[in-house]
Amino acid sequence: MRRWIIFISFLAVCVGLTIWVTEMKKIGIYPTFTYQYLLREARVHLLDLVFPSVLLAILIAVPLGVLITRSGLKRLASPVMGIVSAGMAIPSMGVIAIMVPILGLAVFQALGLKSFGTHPALVALVTWGVLPILRNTFAGINNISPGVLEAARGMGMTRGQIAWRVELPLALPVIMAGIRITTVILVGTAALAAIVGAGGLGRIILAGVNNGVPLITLQGAAPVAAIAIVLSTILGYVERRLTPRGVSIETAF
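Quick note on this note's numbering: the sequence shown kicks off at 256 and runs consecutively.
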């Protein structure tokens, strides 16, 4: 009950601030953004940046996390997880600032695509988003009790059956925790993608910063916070539903 009170309170504050600034119509000589513009940029923020990057990160990170727990590839686990730890130490802003120019010069220009904008930003978001999910996938599978796996082998299960029917279901709550962390972080990081020409609510934040109008910055930042709160709560509920009774999953968020 307490968790829901906190969720509703924070969400109400974010929505209230957005409505308050939008209803001002004008701040000094600068007009505020309309509700239609806010909704359009929120749609771009979610459908063009956040959801695709999270989905692609899952499709890359989960299979890779499973592969490096296999007996023939376990020697790769240490260097891969070292790269993951080092990558997560880099701020998400740094990932965008580094990856977008590199991708723009090395890849997108060669393909005749725009060097800045949604596509390079999306690749940068996916690159960072892979890291928490990969870490949690590896940890979830690697920490399964050997006795459980021995029991599965004793029942005559093949390696594939053990992976699909035993390892993944047991690791799923931990994997979902990684997906939740990634989603919340990418909601905020996608706002930073506006500095490299991507759309989304970051455009409003950037407009406020460039014009020196904090309230317009707030008009973009408050919806970003609201979206992060809603998605974190939804995925947190899914995570708890997938967690077996008596098992506690500790996450950083």
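Beta carbons: idealized from backbone N, C-alpha and C, even for Gly.
Nearest-angstrom beta carbon gap, residue j and residue i [assumed within contact, 8 Å]
{"i": "residue 444", "j": "residue 380", "result": "6 Å"}
{"i": "residue 404", "j": "residue 438", "result": "Wrong, their Cβ atoms sit about 30 Å apart, outside the cutoff."}
{"i": "residue 265", "j": "residue 484", "result": "5 Å"}
{"i": "residue 465", "j": "residue 285", "result": "About 11 Å separates the two Cβ atoms, so there is no contact after all."}
{"i": "residue 442", "j": "residue 305", "result": "6 Å"}
{"i": "residue 468", "j": "residue 282", "result": "6 Å"}
{"i": "residue 386", "j": "residue 307", "result": "Actually they do not touch by this definition, with Cβ atoms about 17 Å apart."}
{"i": "residue 198", "j": "residue 431", "result": "Missing from the structure shown is residue 198; the chain here goes from 256 to 508 and no further."}
Run of the alpha helix (DSSP H) containing residue i, from where it starts to where it stops
{"i": "residue 425", "result": "423–447"}
{"i": "residue 529", "result": "What the structure shows of the chain is the stretch from 256 to 508, and residue 529 is not part of that stretch, so it cannot be assessed."}
{"i": "residue 310", "result": "306–322"}
{"i": "residue 401", "result": "401–409"}
{"i": "residue 470", "result": "469–497"}
{"i": "residue 334", "result": "332–344"}
{"i": "residue 463", "result": "457–466"}
{"i": "residue 302", "result": "Residue 302 -> no alpha helix (DSSP H), and no H or E assigned at all."}
{"i": "residue 202", "result": "Residue 202 lies beyond the range of the chain shown here (256 to 508); nothing can be said about it."}
Where residue i falls, given that 16 or more other Cβ within 10 Å makes a residue buried
{"i": "residue 391", "result": "buried"}
{"i": "residue 279", "result": "exposed"}
{"i": "residue 474", "result": "buried"}
{"i": "residue 347", "result": "buried"}
{"i": "residue 472", "result": "buried"}
{"i": "residue 260", "result": "exposed"}
{"i": "residue 263", "result": "exposed"}
{"i": "residue 410", "result": "exposed"}
{"i": "residue 340", "result": "exposed"}
{"i": "residue 463", "result": "buried"}
{"i": "residue 382", "result": "buried"}
{"i": "residue 413", "result": "exposed"}
{"i": "residue 435", "result": "buried"}
{"i": "residue 509", "result": "This structure leaves residue 509 out entirely; the chain is present only between 256 and 508."}
{"i": "residue 440", "result": "buried"}
{"i": "residue 375", "result": "buried"}
{"i": "residue 458", "result": "buried"}
{"i": "residue 345", "result": "exposed"}
{"i": "residue 428", "result": "buried"}
{"i": "residue 400", "result": "exposed"}
{"i": "residue 324", "result": "buried"}
{"i": "residue 267", "result": "exposed"}
{"i": "residue 402", "result": "exposed"}
{"i": "residue 482", "result": "buried"}
{"i": "residue 310", "result": "exposed"}
Which residues DSSP lists as bridging residue i, in chain order
{"i": "residue 285", "result": "282"}
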